[in-house]
Amino acid sequence: MYLGALHIYFNQTQVRGDFFRSVISIVELNEDGLQVEKSVTGPFEVTPFLSQKANLKLFREVGDRQVIVGEVHAKKTITGHMSYKISHDGRYLNENDGPRFILPYSAVKDPEALENNEQIQSEKSRLSNNEERIEPDLTRLSSIEDGYVAELSFSTQTLMPPGELIKLLQGYDVRVTGMPVFAGELAAFETPYSMGCCNGGPEYEVPHLTLRPKAIFENHELSMWQSSIRPSDGENMTSHVELLLSNLEWMMASNSYNGEDIDEQRLAYLEENGVQVYGATVTGPVRELEKLKAQPEFRNFQLGPIEIWSWDK
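For the sequence shown, UniProt numbering assigns the number 1 to the initial residue and increments by one for each residue that follows.
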């Protein structure tokens with residue numbers, strides 16, 4: 001009777017809706033391109049200690065399909081601490097780390113130094129002269145036959161507003177499923193990072209927020225959402241940015257979680273400096289994705305899941 005009464009209480013109040021909002025927000029803000037199933041009528045458990053638990057499917061948008069790639073196991077304690085673990089589907093174990101984005105030089109160095117950065121200028125000059133770009137995943141992409149769709153991620157040479165990046169994608173038959181947001185990492189505050197080297201220059205990868213397709217909550221319920229952003233919708237990017245900030249603020253006010261202190265610094269940076277991104281995860285026909293290599297601004301291409309044709313313009 002005790003547990004039955006608890007389930008009735010949690011199902012009849014805003015608690016259930018806020019829990020699912022927390023799961024969707026914390027995963028989609030922090031996991032590149034991953035989307036949480038939006039059914040709030042799915043399995044939901046309340047423990048005798050009043051912790052809320054749920055297992056929800058995770059998917060990636062590949063072409064027109066929502067391809068299941070794993071599951072999130074989420075838990076929120078009575079004290080409000082939110083935690084989750086992700087288990088990946090065996091089919092896509094090689095993609096379990098997701099895309100990795102490289103911070104632009106302008107984020108870790110004086111932006112004025114870009115004008116004198118020979119590596120960046122020579123790369124842009126080479127591509128503007130239609131010289132072939134050689135990257136392993138682009139080679140893989142070119143070897144895939146027609147009749148397939150895929151997910152592809154890339155980093156940009158510089159920071160830019162989301163609307164500006166969307167404009168660069170106009171003219172390509174692709175859709176955006178996420179963008180890495182620069183929120184002051186390694187510039188305004190310290191954060192964990194990994195560093196590699198390419199052509200003699202350092203490359204930094206940091207945990208980051210993701211600008212995702214909009215998901216709107218009203219009266220503690222999910223009222224509408226998008227699974228991708230079309231480049232033709234570029235003029236509407238303001239609403240996606242506003243939802244990113246409001247959702248991040250709501251997350252910190254409604255939950256405690258690992259990394260909350262970093263998110264506080266991120267939010268302060270974004271409110272003062274605005275939202276800029278440095279890459280994107282996109283999906284579309286393989287031949288259309290291949291065309292993106294001609295953009296001098298794009299680099300570090302990474303190929304994700306590949307599926308049989310499913311695409312509707």
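Ideal Cβ positions, reconstructed from N, Cα and C, are used throughout, including at glycine.
query, result
"For I102, name the three-state secondary structure that DSSP assigns.", "coil"
"By Cβ distance below 8 Å, which residues in the same chain neighbour T47 in space, the five residues on each side in sequence not counted?", "K53"
"Does any heavy atom of the ligand ZN sit closer than 7 Å to the C-beta of S239?", "Of the ligands one can find in the structure shown there are none, so the ligand ZN has no counterpart to examine."
"Over the uninterrupted beta strand (DSSP E) stretch that includes H220, give me the two end residues.", "Note, H220: premise wrong, no beta strand (DSSP E); not H, not E."
"Output needed for K313: all residues of its chain with C-beta closer than 7 Å, excluding positions within five of it in sequence on either side, in chain order.", "D173"
"Please report how far the alpha carbon of V69 lies from the alpha carbon of D89, in whole angstroms.", "5 Å"
"Note down the Cα distance separating residue 317 from L244, rounded to an integer number of angstroms.", "This structure does not reach residue 317, given that the chain is present from 1 up to 313, and the question cannot be answered."
"Where does G17 fall in DSSP's three states?", "helix"
"Using the rule of at least 16 other Cβ atoms within 10 Å of the residue's Cβ for burial, across every protein chain shown, is T177 buried or exposed?", "buried"
"Restricting to Cα atoms, I'd like to know which of I26, F49, F101 is closest to V72.", "I26"
"Looking at the structure shown, is E185 part of a helix, part of a strand, or coil, going by DSSP?", "strand"
"I'd like the span of the beta strand (DSSP E) that includes R153, first residue to last.", "Before going on, a small fix: residue 153 reads as Ser here, not Arg. Here the beta strand (DSSP E) through S153 covers 148 to 160."
"Can you pull the DSSP bridge partners for I229?", "V176"
"R65 and E307 look like a contact to me (Cβ under 8 Å); what is the Cβ gap, rounded to whole Å?", "6 Å"
"Use the C-beta contact count for Y193: other C-beta atoms within 10 angstroms, 16 or more gives buried, fewer gives exposed.", "exposed"
"Closest to V108 by CA distance: which of T139, G147, A188 is it?", "A188"
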